[in-house]
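Have a look at the structure below, then the notes.
Protein chains: 2
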Amino acid sequence: MMSETLPEGIELTPLKRIHHPQGDIYHALKASEGSFSEFGEAYFTTVTQGETKGWKQHTRMTMNLVVPVGDVTFFLRHVETGQHMAVTLGADNYCRLTVAPGYWMAFKGEGSPLNLVLNIASIEHDPGEAVNVALETYPLER
Amino acid sequence: MMSETLPEGIELTPLKRIHHPQGDIYHALKASEGSFSEFGEAYFTTVTQGETKGWKQHTRMTMNLVVPVGDVTFFLRHVETGQHMAVTLGADNYCRLTVAPGYWMAFKGEGSPLNLVLNIASIEHDPGEAVNVALETYPLER
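As you go down the protein sequences, you meet chains A and B in turn.
Position 95 of the first sequence, counting from 1, maps to 1323 under the numbering used here, and the rest follow consecutively.
Position 12 of the second sequence, counting from 1, maps to 1240 under the numbering used here, and the rest follow consecutively.
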């Protein structure tokens, strides 16, 4: 699924799911954790099964990505260093993916009917700090 | 669903859902918004349809509650002031519910199969700041 060592600026943190008879609890991010930098905005994005959103590069935002519903494959690529990886997050791999600024990212919906991504971002949405290119620009490599 | 004026320390903020052909985007919380105080922890809690979790009182935590999947009714009660209210959040009422410390809260799953609550809390989980009493202690009043 990915190389043994992650590219620089990428962290993958296993998260707890705590069973509760009336409904489970899922961890996402604590301020005391090493992968937390700053709170700018939390928002959800969904991606339909079989669809791939991307590529987008954030030049200032650090992303903390969690998939509480469905399964989503994230493709990451650093054009300058040539590093790339892919990882599927969801029920079978409940982890937080932390992505430093500078990476290009695309992500594909794998589950049905809903694939839900929470991004706890270090800055608020700012169209001026993000760059978009067509999905065909880079291969969807693991 | 609730009184015209909300009890002191409670805020209900309508949130944007932005249509995207490959999957919609849902706002949750920005650091610049008035109801943001501090980032301590983000976590999810689920509640099965027909089940009610509660009552719990946080003595230091401010909660920012969003329901991206399903429908959840939140019951809030301030024992000292006698103020109480209930509100259902979900697809038909996509809002953020901000709750100051001191309120007792119970919440009921209304949707199927999944009712998912995101809490962006002002402090990290600390069992010493929360008090639990049985559901029968207070009525589930609107």
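A virtual CB, placed ideally from N, CA and C, is assigned to each residue, including glycine.
None of the values given here were measured: they were computed from a predicted structure.
Could you work out which residue in B/Val1327, B/Val1297, B/Pro1249 is closest to B/Thr1276 when comparing CA atoms only? Counting from 1 along the second sequence, the entry for residue 1276 of chain B is found at position 48. Here the closest residue by C-alpha is B/Val1297.
I'd like to know if B/Val1275 contacts chain A, where contact means its C-beta is closer than 8 Å to some C-beta of that chain. Here residue 1275 of chain B is taken as the residue at index 47 of the second sequence, counted from 1. It does: the Cβ of B/Val1275 has a partner Cβ on chain A nearer than 8 Å.
Coarse secondary structure for A/Pro1355, derived from DSSP in three states: Translated into positions along the first sequence, residue 1355 of chain A becomes position 127. Of the three classes helix, strand and coil, the one that applies to A/Pro1355 here is helix, per DSSP.
Between the CA atoms of B/Gly1262 and B/Cys1174 - distance to the nearest angstrom: Examination of residue 1174 of chain B is not possible in this model, given that chain B is present from 1229 through 1370 alone.
Helix, strand or coil: how does DSSP classify B/Glu1269 here? In the second sequence, the residue the question calls residue 1269 of chain B occupies position 41. Three-state result, B/Glu1269: strand.
Strictly below 8 Å CB to CB, what residues from chain A border B/Leu1342? As a working mapping, residue 1342 of chain B is identified with position 114 in the second sequence. Those within 8 Å of B/Leu1342 in chain A are Val1297.
Distance CB(A/Thr1301)-CB(A/Glu1269) smaller than 8 Å: In the first sequence, residue 1301 of chain A corresponds to position 73, counting from 1. In the first sequence, residue 1269 of chain A corresponds to position 41, counting from 1. No. Outside cutoff.
Take the Cβ of B/Ile1348 as the centre, count every other Cβ of all protein chains shown within 10 Å, and call the residue buried at 16 or more, exposed below. The sequence position of residue 1348 of chain B within the second sequence is 120, counting from 1. So B/Ile1348 counts as buried.
Starting from A/His1255, find everything on chain B with Cβ-Cβ shorter than 7 Å and list it in chain order. As a position in the first sequence, residue 1255 of chain A is number 27, starting the count at 1. Within chain B, the residues near A/His1255 are Tyr1271.
Own chain partners of A/Lys1281 with C-beta closer than 7 Å, once the 5 adjacent residues on each side are dropped: Indexing the first sequence from 1 puts residue 1281 of chain A at position 53. Excluding sequence neighbours, A/Lys1281 sits near Val1275, Ala1334, Phe1335.
Boundaries (first-last residue) of the beta strand (DSSP E) holding B/Gln1285: Position 57 of the second sequence, counting from 1, holds the residue named residue 1285 of chain B. First-last of the beta strand (DSSP E) with B/Gln1285: 1280-1286.
Taking the alpha carbon of A/Glu1293 as the point to measure from, which residue in A/Lys1284, A/Phe1272, A/His1306, A/His1312 has its own alpha carbon closest? Within the first sequence, residue 1293 of chain A is the residue found at index 65, counting from 1. It should be noted that the sequence gives Leu, not Glu, for residue 1293 of chain A. The candidate whose alpha carbon is nearest that of A/Leu1293 is A/Phe1272.
Please list the residues of the stretch 1282-1312 of chain A that have a C-beta atom closer than 9 Å to any C-beta atom in chain B, keeping them in chain order. Asn1292, Val1294, Pro1296, Val1297
Is any heavy atom in the ligand GDP found nearer than 7 Å to the beta carbon of A/Val1294? For the structure depicted, the ligand GDP is absent and the ligand set is empty, with no information on it obtainable.
On the premise that B/Leu1243 lies in contact with A/Leu1346, defined as a C-beta separation below 8 Å, what is that separation, rounded to the nearest angstrom? Indexing the first sequence from 1 puts residue 1346 of chain A at position 118. Indexing the second sequence from 1 puts residue 1243 of chain B at position 15. 14 Å between Cβ atoms; not a contact.
For A/Gly1310, tell me which candidate among A/Pro1249, A/Ser1260, A/Arg1245, A/Pro1367 has the shortest Cα-Cα distance. Within the first sequence, the letter at position 82 stands for residue 1310 of chain A. For the residues A/Pro1249, A/Ser1260, A/Arg1245, A/Pro1367, the minimum Cα distance to A/Gly1310 belongs to A/Pro1367.
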